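In the working numbering, each number is its position in the sequence shown, counted from 1, plus 3.
To keep things clear, I will list the structure first and then write my remarks on it.
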Amino acid sequence: MIIRVQSSAGTKRIEVSSSDTLISLHQQVEKTFSLESNDWGLYKSRDYQKEIKKTKSKLKTAGLNHGDMLYLKTAGPGANDLRPNSSGESVIVIEDEIDVEIGKMDGRIRRDQENKGMFKIENLPIEPWDEAYLKEKEIKFLSFHAYMRQQTAGVDKGKYFRLENFKAARKLDANSTQHSVVDLPSAVTLNRQKFRHVDNIVFENREIVDRFLNYWRNSGNQRMGFLYGRYTPHSEVPLGIKAEVCAIYEPPQESTKNSLQFHPDPNEEAVEYIARKLNLQKIGWILSDLTAADPATGTVKNTRHSETHFLTAEECITAATFQNRYPNPCKLAPNGKYGSKFTTVIVSGDNDCQISFEGYQVSNQGMSLVADNCLVPTLDAPELGYIMESSPELFVSDVYYKQKDKYGNEITKLARPLPLEYLLTDVPTAFSLKSQFTCSNSIDGFAASNRDSIGEMQSLSTLSKYLNKFKPEQFVDAVSDFHLLVYLYCNDTISFKNEMDVLLDAVCSHDNILASHWKDCASWSTLEELMRHS
Numbered sequence: 004m005i006i007r008v009q010s011s012a013g014t015k016r017i018e019v020s021s022s023d024t025l026i027s028l029h030q031q032v033e034k035t036f037s038l039e040s041n042d043w044g045l046y047k048s049r050d051y052q053k054e055i056k057k058t059k060s061k062l063k064t065a066g067l068n069h070g071d072m073l074y075l076k077t078a079g080p081g082a083n084d085l086r087p088n089s090s091g092e093s094v095i096v097i098e099d100e101i102d103v104e105i106g107k108m109d110g111r112i113r114r115d116q117e118n119k120g121m122f123k124i125e126n127l128p129i130e131p132w133d134e135a136y137l138k139e140k141e142i143k144f145l146s147f148h149a150y151m152r153q154q155t156a157g158v159d160k161g162k163y164f165r166l167e168n169f170k171a172a173r174k175l176d177a178n179s180t181q182h183s184v185v186d187l188p189s190a191v192t193l194n195r196q197k198f199r200h201v202d203n204i205v206f207e208n209r210e211i212v213d214r215f216l217n218y219w220r221n222s223g224n225q226r227m228g229f230l231y232g233r234y235t236p237h238s239e240v241p242l243g244i245k246a247e248v249c250a251i252y253e254p255p256q257e258s259t260k261n262s263l264q265f266h267p268d269p270n271e272e273a274v275e276y277i278a279r280k281l282n283l284q285k286i287g288w289i290l291s292d293l294t295a296a297d298p299a300t301g302t303v304k305n306t307r308h309s310e311t312h313f314l315t316a317e318e319c320i321t322a323a324t325f326q327n328r329y330p331n332p333c334k335l336a337p338n339g340k341y342g343s344k345f346t347t348v349i350v351s352g353d354n355d356c357q358i359s360f361e362g363y364q365v366s367n368q369g370m371s372l373v374a375d376n377c378l379v380p381t382l383d384a385p386e387l388g389y390i391m392e393s394s395p396e397l398f399v400s401d402v403y404y405k406q407k408d409k410y411g412n413e414i415t416k417l418a419r420p421l422p423l424e425y426l427l428t429d430v431p432t433a434f435s436l437k438s439q440f441t442c443s444n445s446i447d448g449f450a451a452s453n454r455d456s457i458g459e460m461q462s463l464s465t466l467s468k469y470l471n472k473f474k475p476e477q478f479v480d481a482v483s484d485f486h487l488l489v490y491l492y493c494n495d496t497i498s499f500k501n502e503m504d505v506l507l508d509a510v511c512s513h514d515n516i517l518a519s520h521w522k523d524c525a526s527w528s529t530l531e532e533l534m535r536h537s
């Protein structure tokens, strides 16, 4: 059937089937109109009411019929904004899709009324930053959106409020002997961050984590991986954001029982492309720090707690480096960027010597210190960092932090050294109560990437054994494996790059019919023939 889509660029016709999903419809609209971002929506009415969400529902179920007209609305002033930076130039800010969605929410918390016919002052909605409510719900940090609402509330509506990223260091001209005091950054006093950009981390199923941990179980060495997933609203925190993890990709690395070394990844662009086609993005990284206590019972040592450290200095600096690499677009920041939604998950032992998952983010001030290359580890204390002293090449301002002494008085101390927990916000981490499998399955997965060092090889033989676990009608389940998709896309023997889009669309919409049609392509037939002789 034909669905007409009207936009500011004109009306176009899209050929679909009544059995297609709304996800498939959105993908065809995106392709037809050459939409490069996710800041758009489909609506049934001309006034942009009755939005058609991107779900797995069939077109017929959604009430779409042959000849229907839909209306395409691209990002307006709510998603794009112009902000003058420090030099007076306008910066175009394109907010993340999740920020646009939460920005439209009221955010106020409504109380349950016991007597529906009576009005009481205590039944009035409360603001999302209400301290009593947060304390009652044991919420340690404001969500970032609640924090911004708080700062822009009141009579002046935040007219003079700006989210500033400070500078703590400045490179010096080695050939110059004089430097203007105006050009040098002033002293900085750090504050504990009251908000966090991500309020919860959830793994959509346990299988992806078990698969990651199998490297440590089989080798005894530590492992790192990047988290791919999506950001969604988190209902447990007012105006909160949840990071949903759908896949873990392990880049090239060397590891021992107590060290890790990263290597450049030749497949990085391919991995990012596959993630985008699956509507996923890089949302964090995960790092193991596990030491077996009793192999017979499966217990592990508890080495990270308040008496030792939560993140080492090297881990904290690396986390901040990643966060600086993936900044958070923000309309209230002069340069259009403030903080990051990139998260860190540490796998270690808890108080009961069981494997636990702890989430963290480095504060925005911590990100600035790392961006200025003035925060370094100490030699003998993993829980401490050190602010570098000025040199002929780099001027570093004095950095202070506040701490209470044994009498309860607040004192200011020079950050040499600096307790790194001062720069951390913890993020609750858990598993979804109802398992989902966006790009993984409950059957033992295909061999993970970059595990040749422990004998886990990605080859035609392992691919053949993996596919034999599935029935023909389960083909879309078989190919819904992130590591397998990366293997196919980067395959040197047979090139799938020109044919992967259809397969990725099938995986994204979980369409077995489309996936089965894709099997008829010449490249897959050649691969099947090679597997028979492997």
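By construction, the Cβ of each residue, glycine as well, lies at the ideal position given by its N, Cα and C atoms.
The model shown is predicted, which means the values in this text are computed figures rather than measured ones.
Measure from the alpha carbon of residue i to the alpha carbon of each residue in the options, then state which is nearest.
i      : options                        : result
Glu502 : His513, Cys524, Thr346         : Cys524
Thr415 : Tyr425, Tyr403, Leu423         : Tyr403
Leu230 : Trp288, Ala518, Ile244         : Trp288
Asp202 : Thr441, Lys468, Lys344, Gln264 : Lys344
Glu363 : Thr321, Val8, Asn376           : The question names Glu, but residue 363 in the sequence shown is Tyr. Looking at the Cα atoms, Thr321 is the closest of the given residues.
Pro188 : Ile17, Tyr218, Ala336, Ser400  : Ser400
Pro298 : Cys356, Ile286, Lys340         : Cys356
Ser483 : Ala246, Ile277, Phe36, Lys304  : Ile277
Pro385 : Ala316, Asn494, Ile497, Ala518 : Ala316
Thr259 : Ile251, Phe265, Asp375, Gly223 : Gly223
Gln154 : Leu335, Val373, Asp375         : Leu335
Cys511 : Ser371, Val8, Lys15, Lys59     : Lys59
Classify residue i: buried if its beta carbon has 16 or more other beta carbons within 10 angstroms, exposed otherwise.
i      : result
Glu396 : exposed
Ala296 : exposed
Ile105 : buried
Glu207 : buried
Pro131 : buried
Ala82  : Reliability of the predicted coordinates at Ala82 is poor, the pLDDT of 46 falling under 50, and no value is obtained from them.
His520 : exposed
Ile244 : buried
Lys57  : buried
Met227 : buried
Tyr2   : Here the chain comprises residues numbered 4 to 537, so residue 2 is not present and cannot be evaluated.
Gln616 : Since the first and last residues shown for the chain are 4 and 537, residue 616 lies out of range.
Arg113 : exposed
In whole angstroms, what is the alpha-carbon distance linking residue i and residue j?
i      : j      : result
His513 : Val479 : 6 angstroms
Leu470 : Ser526 : 16 angstroms
Glu272 : Leu507 : 16 angstroms
Gln368 : Gln326 : 12 angstroms
Lys170 : Ala190 : 10 angstroms
Ile129 : Ser146 : 15 angstroms
Lys407 : Glu413 : 4 angstroms
Phe538 : Val348 : Only positions 4 to 537 of the chain appear in this structure, which leaves residue 538 out of reach.
Ala149 : Arg165 : 15 angstroms
Lys522 : Gln225 : 38 angstroms
Met460 : Ala450 : 6 angstroms
Thr302 : Met72  : 60 angstroms
Gln284 : Thr235 : 12 angstroms
Ile211 : Arg173 : 43 angstroms
Ser464 : Leu487 : 13 angstroms
Ser262 : Glu392 : 28 angstroms
Gln256 : Ser21  : 47 angstroms
Phe313 : Gly388 : 13 angstroms
Lys53  : Asp429 : 38 angstroms
Val19  : Thr35  : 12 angstroms
Gln6   : Ala518 : It is Ile, not Gln, that sits at residue 6 in the sequence shown. If I take the Cα positions, the gap works out to 23 angstroms.
Asp213 : Ser37  : 39 angstroms
Leu62  : Leu28  : 8 angstroms
Ile497 : Thr529 : 8 angstroms
Gly91  : Lys340 : Bear in mind that the predicted position of Gly91 carries a pLDDT of just 49, short of 50, making it unreliable; the figure below should be weighed with that in mind. Each residue's alpha carbon lies about 16 angstroms from the other.
Met4   : Leu67  : 10 angstroms
So residue i and residue j are supposed to be a Cβ contact under 8 angstroms. How far apart are they, rounded?
i      : j      : result
Leu293 : Val248 : Wrong, their Cβ atoms sit about 19 angstroms apart, outside the cutoff.
Pro241 : Gly110 : 6 angstroms
Val505 : Val274 : The pair is not a contact, with the Cβ atoms about 19 angstroms apart (cut-off 8 angstroms).
Asn282 : Arg328 : About 21 angstroms; that fails the 8 angstroms criterion.
Leu75  : Ile55  : That belief does not hold up - the Cβ atoms of Leu75 and Ile55 are roughly 10 angstroms apart, past 8 angstroms.
Ala323 : Val379 : The Cβ separation is near 12 angstroms, so there is no contact.
Pro332 : Val32  : With 8 angstroms as the limit, Pro332 and Val32 do not qualify as a contact, their Cβ atoms being about 24 angstroms apart.
Ala250 : Phe485 : 4 angstroms
Ser371 : Asn168 : 6 angstroms
**Study point:** Length-filtered (4 minimum) alpha helix (DSSP H) runs lying within the stretch 408-481
**Key:** 463-470
Point to revise | Those runs of the alpha helix (DSSP H) which lie wholly inside the stretch 312-381 and span at least 4 residues | key: 316-328, 367-374
Practice item. Kindly provide the ranges of any alpha helix (DSSP H) runs that are 4 or more residues long and lie completely inside the stretch 128-206, ordered along the chain. Key: 134-139, 147-154
Point to revise | Secondary structure, beta strand (DSSP E): runs of 3+ residues fully inside the stretch 241-322 | key: 243-252, 256-258, 263-265, 284-291, 295-297
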